[in-house]
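Enquirer: For the sequence shown, my numbering begins at 724 and goes up steadily by one. For every residue, glycine included, the Cβ atom is placed at its ideal position computed from N, Cα and C. Quick one: the structure is below, questions incoming.
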Amino acid sequence: MRRRRGVLLTAALLAQLAAGPTHAAAPAPAGQCGVVRSGDTPLGGAEVTLYQAGDDTGARPRVLARTRSARDGRFTLDYRRPDDPRAVLYVLAGLPRDTEPATPQDGPQDGPVTLAAVLSGAGAPPELVVNERTTVAVAYALARFTGPDGVAGPHPGLRNAAAVAHNLADTGTGGIAALLAAPPNGDLTSTLAEVNTLANLLAACVTGDACDQLLDLARRPGRERPRDTLRAAVDIAHDPGHNAAALFALAGTTPRYLPALPAAPAAWTVALRYDGNGHELDGPGNLAFDADGNAWVSNNYRYDADPTRPVCGGETVLRFTPDGRDAPGAPYRGGGLYGAGFGVTVDAAGTAWIANFGFQGRGCPIDPAPLERSVSRFAPDGTPLSPPEGWRTGGIAQPQGLAADRSGTVWVADCGADSVTRVPDGDATRAREIPTPALHKPFGAAVDPAGRLWASGNGSDSVQILAPDGTVERTVTGGGLRRPLGIATDSRGNAWVANSGILPVPCGDTTPGDLADAAVAGDDGPRPGASVTLIRSDGTPEPRPFTGGGLFLPWGVAVDGEDTVWVANFGGHRVARLCGTDLTACPPGTTTGQPLSPPDTGYPSDGLERNTGLQIDPSGNVWLANNWRTLPVQTNPGGHELVVLVGAAAPVRAPRLGGPDRP
């Protein structure tokens, strides 16, 4: 049978090596054996090229080695390791249009088939397998770094993205990666079957006659047609809702990888669950990234797997590496931590701040009143910098949202005091309470590029803008503001507000049970008022809020490096994505606020539960907090995972200190 074939691009990571002294000696020679195949079928005659990725946006990759695969698909690459231990390596392997007569002596290839795999310098397998599964891993994890000239991008985003590829596919076997194969992933979600289905989609071109159909269906509106299978998969990762059903039908023609999806997904987002050591996450509320792309995560409750057993407030802050594992020494304790909620931020000095709201399950015998009036601060290595009782200055009461600016000022939304607290230069001894009488139950907090604070009032259907020195500039009402929660600013100084419509935050005279009742009542469909409001930088709200695209019970909101807007939902198991104020990042004809995710469903995932926090890392991964279980029992309602949509968004520089700066 004739097999269509073409240029193969493979991405590989030279994993981080332990820091050590630099030597002037030339780098040691290295060799890597491998095999190119589709399923169990070897692919001979492939031109295999090893590249070092460009180390910044637009930089050109460098060829390290080139060879051809034999008839049994095997190859050997001989090269010298790069001087930079952080360098990311990737392989391009091109198959001829007809693989049957191909030999290692054939000329350059120019067909439409591209397969890929990530290579880790610290743990490279004895034999690297390059197949459709490993190609899917590269296409999604490196989606935001793969361009017309190959793979390039700045650190730490590119390096971290290459590490995440190992969570999807095992480059030593060509199989599903261990993290994806086991709980909380495995057969608990559909992601494993989805990766296999995407691999089958590529196989329809690699070993079939469906290349033209694949490339046509994968083409994003207003973009050039992808030239090969790797770039087709990258385009699907960028616009996962486009032609989803037709792509599923094509994947069914070549079922090489099983189990596969039984029905077409609404969108081809790839969602991974992370749970650290498996017994630490209980009600993750929100997260913030440090300069290396590690995620600092607030935690509502002490961990207990039994929802019927009363739990008290969480006394740890979690820190996950960019590929979803516990950072050294994490989780961290001390510094006054107790029942942290939605408030967590990383400041300009790299220290993490956590707001101690005082969450605890029904039946916990502890009186939370003395513990819900502080914030905690931790050094980059997890050492507590706040006293054992936390920082209790500046009128802090049931704090929720936190935000930091470029000057070092930290802002606290005091949900239980109708005020915000300003901490200049991160010096808690100088903290000052700023009354906000027009802002009842302050909840979300965000700093814009000018250093102004934007805070949402869940109980007053309003947003207030404060100057960098704390002067109240303006109170915003209207524009569809209704039970607002999360708030985020874009690169132009506009603010985007998530309107839950019905959810009352449990501060003051409102209880978690009231929130649970409202949430469960809202699970039968999007509620009136569920929307997103755009407030222009001058404080003027757009007359009408935005709806659709999966907006169900909006809570967390974030803006990515292209000013695209992402929204988490506290129900509905879905994420919404909206066109922002930069229309060049949206399909032709799209207007600001129009859904980019499927209008009726958004980006759904059975890995999601009740999501609060949503943030975007320097690799373009969208992280969400499974804060509560779908059916929240108030003795212990907490969820137990973080969920990551791999490569779905434009990367954002960390820490975030006012607007979504590009790395």
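Alpha carbon to alpha carbon, what distance is there between A904 and P982?
Expert: Here residue 982 corresponds to residue number 259 of the sequence shown, with the count starting at 1. Here residue 904 corresponds to residue number 181 of the sequence shown, with the count starting at 1. In a straight line, the C-alpha of P982 is about 12 angstroms away from that of A904.
Enquirer: Going by C-alpha distance, which of P1054, G1167, L1108, H1163 is nearest W1134?
Expert: By 1-based counting over the sequence shown, the position of residue 1134 is 411. Measuring from the Cα of W1134, the nearest candidate turns out to be G1167.
Enquirer: Please go through the same chain and pick out, in chain order, the residues whose beta-carbon is closer than 6 angstroms to the beta-carbon of L1347, but skip the five residues on each side of it.
Expert: On the sequence shown, position 624 is the one that residue 1347 refers to. If we look at L1347 and ignore the five residues flanking it on each side, its Cβ neighbours are A1291, N1334, L1337, V1366.
Enquirer: Hey, G1174 and R1129 are a contact pair by Cβ (cut 8 angstroms); roughly how many whole angstroms apart?
Expert: Here residue 1174 corresponds to residue number 451 of the sequence shown, with the count starting at 1. Here residue 1129 corresponds to residue number 406 of the sequence shown, with the count starting at 1. Indeed they touch by this definition, with Cβ atoms about 7 angstroms apart.
Enquirer: Exposed or buried, I1089, counting other C-beta atoms within 10 Å across all chains shown (16 or more means buried)?
Expert: Residue mapping note: residue 1089 aligns to position 366 of the sequence shown, counting from 1. With fewer than 16 other Cβ atoms within 10 Å, it is exposed.
Enquirer: Using 8 angstroms as the Cβ pair cut-off and three pairs as the minimum, do the stretch 969 to 980 and the stretch 1024 to 1037 touch?
Expert: Because the criterion of three Cβ pairs below 8 angstroms is not met, the stretch 969 to 980 and the stretch 1024 to 1037 do not touch.
Enquirer: Taking all protein chains shown into account, decide if P1378 is buried (16 or more other Cβ within 10 angstroms of its Cβ) or exposed.
Expert: By 1-based counting over the sequence shown, the position of residue 1378 is 655. Result: buried.
Enquirer: Helix, strand or coil: how does DSSP classify R1385 here?
Expert: As a first step, residue 1385 must be located in the sequence shown, where it is residue number 662. Three-state DSSP puts R1385 in coil, outside helix and strand.
Enquirer: Below 8 angstroms on the Cβ atoms is my contact criterion, and I expect A1241 with W1278 to pass it. Report the Cβ-Cβ distance as a whole number of Å.
Expert: Numbered from its first residue, the sequence shown carries residue 1241 at position 518. Numbered from its first residue, the sequence shown carries residue 1278 at position 555. Between W1278 and A1241 the Cβ distance is about 12 angstroms, and since that is not below 8 angstroms, they are no contact.
Enquirer: For P827, which three-state DSSP category applies?
Expert: Position 104 of the sequence shown, counted from the first residue, corresponds to residue 827. Any reading at P827 must be qualified, since the residue scores a pLDDT of 35, below 50, and its modelled position is unreliable; no value is offered.
Enquirer: Where does P1030 sit, in a helix, a strand or coil, going by DSSP?
Expert: As a first step, residue 1030 must be located in the sequence shown, where it is residue number 307. Looking at P1030 - three-state DSSP - the assignment turns out to be coil, as it is neither helix nor strand.
Enquirer: Can you tell me the Cβ-Cβ gap for G1131 and G1117, rounded? I've got them flagged as a contact below 8 angstroms.
Expert: Translated into positions along the sequence shown, residue 1131 becomes position 408. Translated into positions along the sequence shown, residue 1117 becomes position 394. About 15 angstroms separates the two Cβ atoms, so there is no contact after all.
Enquirer: Could you tell me the distance, in whole angstroms, from the CA atom of A989 to the CA atom of S913?
Expert: Locating residue 989 in the sequence shown gives position 266, where the first residue counts as 1. Locating residue 913 in the sequence shown gives position 190, where the first residue counts as 1. Cα to Cα, the separation comes out at about 12 angstroms.
Enquirer: Is any heavy atom in the ligand FAD found nearer than 7 angstroms to the beta carbon of P949?
Expert: Judged by which ligands are present, the structure shown has none, so any question about the ligand FAD falls away.
Enquirer: Relative to the alpha-carbon of G1036, which residue among R1048, G1064, L1010 has its alpha-carbon at the smallest distance?
Expert: To locate residue 1036, count along the sequence shown from 1; it is residue 313. Checking every option, the nearest Cα to that of G1036 belongs to G1064.
Enquirer: Less than 8 angstroms separating the beta-carbons of L815 and V759?
Expert: Position 92 of the sequence shown, counted from the first residue, corresponds to residue 815. Position 36 of the sequence shown, counted from the first residue, corresponds to residue 759. Taking 8 angstroms as the Cβ cut-off, L815 and V759 do not qualify as a contacting pair.
Enquirer: Please classify C756 as buried or exposed, where buried requires at least 16 neighbouring CB atoms within 10 angstroms.
Expert: In the sequence shown, residue 756 corresponds to position 33, counting from 1. Exposed, because fewer than 16 other Cβ atoms sit within 10 Å of the Cβ of C756.
Enquirer: For the stretch 1255 to 1274 and the stretch 1212 to 1232, state whether three or more C-beta atom pairs, one from each stretch, are separated by less than 8 angstroms.
Expert: Verdict: yes, contact present.
Enquirer: My guess is that Q1083 and Y997 are in contact by the Cβ rule of under 8 angstroms, so how many angstroms apart are they, rounded?
Expert: Along the sequence shown, one-based indexing puts residue 1083 at 360. Along the sequence shown, one-based indexing puts residue 997 at 274. The pair is not a contact, with the Cβ atoms about 24 angstroms apart (cut-off 8 angstroms).
Enquirer: Can at least three beta-carbon pairs, one atom from the stretch 921 to 930 and one from the stretch 893 to 912, be found at a separation below 8 angstroms?
Expert: Verdict: no, contact absent.
Enquirer: Measure the C-alpha to C-alpha separation of P985 and S761 and round it to an integer number of angstroms.
Expert: Position 262 of the sequence shown, counted from the start, is the residue given in the question as residue 985. Position 38 of the sequence shown, counted from the start, is the residue given in the question as residue 761. One C-alpha to the other measures close to 22 angstroms.
Enquirer: Which residue's Cα is closest to the Cα of G897: L842, P879, A885?
Expert: Along the sequence shown, read from residue 1 onward, the residue named residue 897 stands at position 174. Of L842, P879, A885, the residue nearest in Cα terms is L842.
Enquirer: Specify, as a first and last residue, the run of the alpha helix (DSSP H) that V1390 falls within.
Expert: In this structure the chain extends from 724 to 1386, so residue 1390 is not present and cannot be described.
Enquirer: Which of the three DSSP states, helix, strand or coil, is assigned to Q1123?
Expert: Residue numbering aside, residue 1123 sits at position 400 when the sequence shown is read from its first letter. In the structure shown, Q1123 sits in a strand (DSSP, three-state: E or B).
Enquirer: Around the Cβ of V786, are there at least 16 other Cβ atoms within 10 angstroms (buried) or fewer (exposed)?
Expert: Position 63 of the sequence shown, counting from 1, holds the residue named residue 786. With fewer than 16 Cβ atoms within 10 Å of its Cβ, V786 is classed as exposed.
Enquirer: Considering only the alpha carbon of each residue, which of T1106, V1040, V1170, G777 lies closest to A1127?
Expert: Your numbering for residue 1127 matches position 404 in the sequence shown. Closest by alpha carbon: V1170.
Enquirer: When you compare only the Cα positions, how much space is there between A1371 and L1094?
Expert: Taking the sequence shown and counting its residues from 1, one reaches residue 1371 at position 648. Taking the sequence shown and counting its residues from 1, one reaches residue 1094 at position 371. Their backbone Cα atoms lie some 38 angstroms apart in a straight line.
Enquirer: Where does G796 land, buried or exposed, given buried means 16+ other C-beta within 10 angstroms?
Expert: Here residue 796 is taken as the residue at index 73 of the sequence shown, counted from 1. With 16 or more other Cβ atoms within 10 Å, it is buried.
Enquirer: For P1191 and P1111, what's the separation of their Cα atoms in angstroms?
Expert: Taking the first residue of the sequence shown as 1, we reach residue 1191 at position 468. Taking the first residue of the sequence shown as 1, we reach residue 1111 at position 388. When rounded, the distance between both Cα atoms is 30 angstroms.
Enquirer: Pull the bridge partners of E850 from the DSSP assignment, please.
Expert: Here residue 850 refers to the residue found at position 127 when the sequence shown is read from its first residue. In DSSP, E850 forms a bridge with C756.
Enquirer: Which residue from G1057, D1261, P1172, Y774 puts its Cα closest to that of T1198?
Expert: Locating residue 1198 in the sequence shown gives position 475, counting from the first residue. Comparing Cα-Cα distances from T1198 to each of G1057, D1261, P1172, Y774, the minimum goes to D1261.
Enquirer: Counting beta carbon pairs with one atom in the stretch 1001 to 1017 and one in the stretch 863 to 876, are three or more of them shorter than 8 angstroms?
Expert: In short, these stretches do not touch, since the Cβ pair count stays below three.
Enquirer: Answer yes or no: do N1017 and A994 have a C-beta to C-beta separation smaller than 8 angstroms?
Expert: The count along the sequence shown starts at 1 and reaches residue 1017 at position 294. The count along the sequence shown starts at 1 and reaches residue 994 at position 271. The answer is no: Cβ separation not under 8 angstroms.
Enquirer: So what does L1405 bridge to, in DSSP terms?
Expert: Here the chain comprises residues numbered 724 to 1386, so residue 1405 is not present and cannot be evaluated.
Enquirer: Helix, strand or coil: how does DSSP classify D795 here?
Expert: Here the question's residue 795 lines up with position 72 in the sequence shown. Coil.
Enquirer: Tell me, please, whether the stretch 797 to 817 touches the stretch 877 to 886 by the rule of three or more beta-carbon pairs shorter than 8 angstroms.
Expert: Cβ pair count under 8 angstroms is three or more, so yes.
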